[in-house]
Structures are given as C-alpha cells and as structure tokens.
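Residue numbers (our numbering): 49 to 526. Okay, so here's the structure we're looking at.
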Amino acid sequence: MSGVSGAGEPAATAGGAEMARLRAWWWHRQGLDGRLRGARPDAVLAETGWARSVGGSGPYLGLFARAGTDRAAVDEAVARLEIHELPSARGCTYVLPAADYALGLRAGASAPEADLAAAVKHLGVTEREIDALGIAVLGALTAAGAPLDPAALKKAVGPAVRSLGEAGRKRGVTTTLPLALGLLQARGAIRRVPVNGRLDQQRYGYARWSPSPLGERTSAVPGRTGDVPERLSGDTGPVRAGAAPVSLPAPAAGPGGGMEAVPDAGRDAARSAADRVRAELARRYFAWAGPASLRHFRWFSNLTAAAAKTAVAGLGLVSLPDPTPVPDDSPTGAVLLATPEQAAALADFTVPEQPQYALLAGNDSIHLLHRDFGRLLDPADADRAVPGGKPGSVLGTLSDSPTHMILDRGRLVGLWEYDPDTAAIVWTSFIRPDSALRAAVATTEVFIRDQLGDARSFSLDSPKSRAPRIAALRKGGA
Numbered sequence: 049m050s051g052v053s054g055a056g057e058p059a060a061t062a063g064g065a066e067m068a069r070l071r072a073w074w075w076h077r078q079g080l081d082g083r084l085r086g087a088r089p090d091a092v093l094a095e096t097g098w099a100r101s102v103g104g105s106g107p108y109l110g111l112f113a114r115a116g117t118d119r120a121a122v123d124e125a126v127a128r129l130e131i132h133e134l135p136s137a138r139g140c141t142y143v144l145p146a147a148d149y150a151l152g153l154r155a156g157a158s159a160p161e162a163d164l165a166a167a168v169k170h171l172g173v174t175e176r177e178i179d180a181l182g183i184a185v186l187g188a189l190t191a192a193g194a195p196l197d198p199a200a201l202k203k204a205v206g207p208a209v210r211s212l213g214e215a216g217r218k219r220g221v222t223t224t225l226p227l228a229l230g231l232l233q234a235r236g237a238i239r240r241v242p243v244n245g246r247l248d249q250q251r252y253g254y255a256r257w258s259p260s261p262l263g264e265r266t267s268a269v270p271g272r273t274g275d276v277p278e279r280l281s282g283d284t285g286p287v288r289a290g291a292a293p294v295s296l297p298a299p300a301a302g303p304g305g306g307m308e309a310v311p312d313a314g315r316d317a318a319r320s321a322a323d324r325v326r327a328e329l330a331r332r333y334f335a336w337a338g339p340a341s342l343r344h345f346r347w348f349s350n351l352t353a354a355a356a357k358t359a360v361a362g363l364g365l366v367s368l369p370d371p372t373p374v375p376d377d378s379p380t381g382a383v384l385l386a387t388p389e390q391a392a393a394l395a396d397f398t399v400p401e402q403p404q405y406a407l408l409a410g411n412d413s414i415h416l417l418h419r420d421f422g423r424l425l426d427p428a429d430a431d432r433a434v435p436g437g438k439p440g441s442v443l444g445t446l447s448d449s450p451t452h453m454i455l456d457r458g459r460l461v462g463l464w465e466y467d468p469d470t471a472a473i474v475w476t477s478f479i480r481p482d483s484a485l486r487a488a489v490a491t492t493e494v495f496i497r498d499q500l501g502d503a504r505s506f507s508l509d510s511p512k513s514r515a516p517r518i519a520a521l522r523k524g525g526a
C-alpha cells in the first residue's frame, strides 16, 4: 500500500544547492547510485563502510540496494568468513569485511575492558577468575569442535562460571560468562556464529577462531587441547587483518581514549599502539564518509576531542564550508573535513538529473556514519509528523529515522515498514510518486517477501511492535 504526503518533485535547491550536492555526493560515495552493482559483499563493505548490525535486516537491505546482492550470497560470504559480524567501533556490532577484522576488533577492544572494570568495582569480580573462566571456555570450545551456545557453554565450564546475583541483574550482567566472552571476542580468540547462518537474528553459538585475525601470542595450558591466550585482558601483540595483513598493535586504552588499565612500564608503547589504530580508523572513516566534521567522527569512534584531533592529524584533511546551520556555540563550527582528493572530486561533482531511489534500513550507513538525521531532510519535511509517534512529534527533532527510509540521491523522500500479515511494504512519500519510485518499492518488496520473510529494524522488532507505525504510514504518515 502507498500513502502520499505532499506533492511535487524533489527541489534541487531545497535546503540549498550545496546541501543537495553534498547529499548526492554521499549517495554516490555510498554506492547507492548503481556504481557497485554486482560487487561482492566484502568489496561493498570495504568501499562504503561497516554495516551496523543489531539483529535486523539492515545489512541485507544495504547490500541489496548497493550491489543487488541476494540473501544467499550474503549468507555464503558469512559462512566463508569473507564478512563477519564483530564488536567494533564504540563496542557496537557491525558487519565487516575480512580485511578490517583486526582494525574493528582493536577499535572496540576498550568496551569489554570497561565492562570488566565495572564488574570488578561493583560486583566483586576479579580479573583472575575471568581469566580462568576464559581458559575454561576455550577448552570447552576446543573439545566440542563445534559452536556452543551460551547455555551449552555454561554447562561445559561448570563451576568456572558463577552467578552475580541480584546486584548483577540490576547492572545487566547475571553471570560472569558474558564478561569472559566479550574479552575473548575482543582478543580474536572466539567468534560468534549465527545459529542459522543469518544476520537478521541474534541467536548465536561461539566457536574458536583459529587462526585469529589478531595473531595473538598464545601458550599451551597443561591439561587442555590447543593453545589459549595467557591472559584475556591487557595483552598487546602483533596484529594481522584476516585478508590484508597490516601492523596494528592492540589499543590498550579506556573507552574515552585514556590509559587507565595500562601499567606504567608499557604505557608509552600502548599509547602509541592506540594512536595508530585510531589513525587507521580515521583514515577509513573519512574515505567512507567524507566530507564529515570532527563531531561526526567522534560519534562514530567514541573518541574524546583530543584523541579525535590526534587521529586525524596525519591525514592531510582540508576544510570545506558546511551548509548546515549550526549553533553559534558549536565546538566544531561550520566546517567539514575531506581529503584533498575528495575535495577536488566534489568540486567537479554534479547532482544526477534523474531520481535514484533506494529503500534502506533506518540505521543504514548513509545515515549512521554521520548520525546527523537533519542532513537527510529538506526543510519543508522537518515538520512532518513522526509515524506512530507522540502527538506533536516531528521528524526534525529526531536523531534517527523512526522507520525504514526511502531516499533519492541522499534526500529522505519517504518512510516505510514491512507488514508480514499482508506480505507488503507499507509506505508514504514526501513527493509525488513516479514510476521509478513505485518500481523501487516493488523490487524491494519482492526481495523481502521471497528472501527475508520480514524486515525487522532490530532483533526485538515485531509486527505487533511496529503496528502503530504501519497504521500511521497507511494514513499517509500522519
């Protein structure tokens, strides 16, 4: 079903000609203009950035929109370890290409360290018991020779795992097992394996990762089969990315860029290692997202202002004016940063004359790399009601899209959800739909119905939870 809210074609000057050109440039760089049609999943992710993964359909929708990739090809790439879901930037899960496994793990390594530090401080956990539990987990996985889910792991390691009681429940950590699993993942010793091979759910087993993408130093533990890390936390060592060896030592830094957990003797080396990882992350980020502000990069990386400035210092970035209004007290000012090559290419770039529609998840990289939702909106659309939202809520006040998105050359021109009961996309548009838009909706609808079965925003999304949004979209977004 389709609803139409508003009429008229997208105005090239809406929000300013320069803003329209920037949107179309980001659209082009994200491969949403058709230039990546037929590319392999790992090549698409390497070119356009890591795909946020929260147990929803986002990675599938993004690869389908960019390269026309069907679900079976994505699942095969996962099975062959050409792409994989890993805890990465900010400790969040993304789907990465093999060449970026080491960088992604290093970029997210501080999150499980912070979780352990909090458990030590508030729950009486010790690093020694988590190290022992990690060794037990690795032994159990080696003995099993196959992935084990958390319940099977808990049974296999027996008394090595313990309950954290009511205090742990209140802090969202009921046993010590997640602490050990998080550290083992960050060290590249284990990986999560989706139980049915699909990315749009969150039921996992855990398996040994050998050889590790991090190339960690290991040592044999008496009485156990295979090698295990000497310790789970505070380790540093040579790193190699799965498909493209690089030198990226481990960043033993706190979540804000600090060095709280590093012994004095190794502090300088650890700081240098962390700086190199952050610089490489910055290089990747601006290749995917440039032009972007330092604020955008800080959101993606979770770095402090000082650490972010250090990370970009060696990239040779140039400043470009930002056409988006910013508050007078903005710490970044109206400035975007780009590589000299990007700036030159952007100067020669023109907005395509014909529409280029794509139906994407609300957390697609076209939005999430900057996480600056207003940049997708024309001013006339900022006051549109949020489908299924609170009375008076409008799109211009949001940080993220309330539903999946319909975009044209980088501009948000509509919203959509999938209704499994009718096996159809329910959508509303901010423009008068043309045949190309209707064709894009129909093509995506067939892909979801025949290959995905549903298009969840995240793992807990359900037809019942999205019913108010679907009803609002049927009414034209009101």
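Where a beta carbon is used, it is the ideal one built from N, C-alpha and C, also for glycine.
Who are the near neighbours of G290 in its chain, counting only those whose CB is closer than 8 angstroms to its CB and skipping five residues on each side?
Reliability fails at G290, whose pLDDT of 34 lies under 50, so the model's placement of it is uncertain and no value is given.
Is the beta carbon of D407 less than 8 angstroms from the beta carbon of L93?
One detail in the question is off: residue 407 reads as Leu in this sequence, not Asp. For L407 and L93, no; Cβs fall outside 8 angstroms.
Unbroken alpha helix (DSSP H) run spanning S477, endpoints:
Taken as a continuous stretch (DSSP letters only), S477 belongs to no alpha helix (DSSP H), being part of the beta strand (DSSP E) at A472 to S477.
Should L443 be listed as close to the ligand SAM, given that the test is whether its C-beta is under 7 angstroms from any heavy atom?
In the structure on display, the ligand SAM does not appear, and there are no ligands present to speak of.
How long is the line joining the alpha carbons of I518 and K512, rounded to whole angstroms?
10 angstroms
Under a three-way DSSP split, which group does S341 fall into?
coil
DSSP state of H132 mapped onto helix, strand, coil:
strand
Just list the residues that DSSP pairs M453 with in beta bridges.
L408 and L463
S477: which of L446, V102 and T451 sits nearest, CA to CA?
T451
To the nearest angstrom, how far is it from the Cα of L368 to the Cα of D448?
25 angstroms
Enumerated in chain order, which unbroken segments of the alpha helix (DSSP H) with a length of 4 residues or greater are wholly contained in the stretch 479-523?
483-495 and 515-522
Secondary structure at L368, three-state DSSP: helix, strand or coil?
strand
Coarse secondary structure for E66, derived from DSSP in three states
helix
Apart from the five residues on each side of it in sequence, which residues of its chain come closer than 7 angstroms, Cβ to Cβ, to G24?
Because the chain in this structure spans residues 49 to 526, residue 24 falls outside the shown range and cannot be described.
Tell me whether N244 is buried or exposed, calling it buried when 16 or more other Cβ atoms sit within 10 Å of its Cβ.
exposed
Using 8 angstroms as the Cβ pair cut-off and three pairs as the minimum, do the stretch 334-343 and the stretch 351-360 touch?
yes
One or two residues paired with Y252 in a DSSP bridge:
P242
On the three-pair Cβ rule with 8 angstroms, is the stretch 74-83 touching the stretch 95-106?
yes
What residues are listed by DSSP as bridge partners for A99?
V143
Would you mind working out which of A428, I479, V143 and G139 sits nearest D248, comparing C-alpha positions?
V143
To the nearest angstrom, how far is the alpha carbon of S507 from that of F345?
26 angstroms
Considering only the alpha carbon of each residue, which of V494, L463, S483 and I479 lies closest to A471?
V494
Residue closest to Q233, alpha-carbon to alpha-carbon, out of G116, L417 and S136:
S136
Label E389 either buried or exposed according to how many other C-beta atoms from any shown protein chain fall within 10 Å of its C-beta, with 16 as the threshold for buried.
exposed
Does the structure place the stretch 216-223 close enough to the stretch 167-174 that three or more beta carbon pairs sit under 8 angstroms?
yes
Based on the DSSP output, what are the partners of L196 in its beta bridges?
Y254
Of the residues D197, V474 and L227, the one placed nearest S211, counting alpha carbons only:
L227
Name the DSSP beta bridge partners of T223, please?
S211
Report yes or no: do three or more beta-carbon pairs, one from the stretch 483-502 and one from the stretch 112-124, lie closer than 8 angstroms?
yes
Run the CB neighbour count on R459, radius 10 Å, all protein chains shown included, and call it buried at 16 or more, exposed below.
buried
Own chain partners of G86 with C-beta closer than 8 angstroms, once the 5 adjacent residues on each side are dropped:
A115 and G116
For L385, report the span of its beta strand (DSSP E) as first-last.
V383 to A386
Using DSSP bridges, identify the partner residues of V442.
A433
Just to confirm, is the Cβ distance from G106 to A99 under 8 angstroms?
yes
Pop quiz: E177 and T224 are said to be a contact at Cβ under 8 angstroms. What is the actual Cβ separation, rounded to whole angstroms?
7 angstroms
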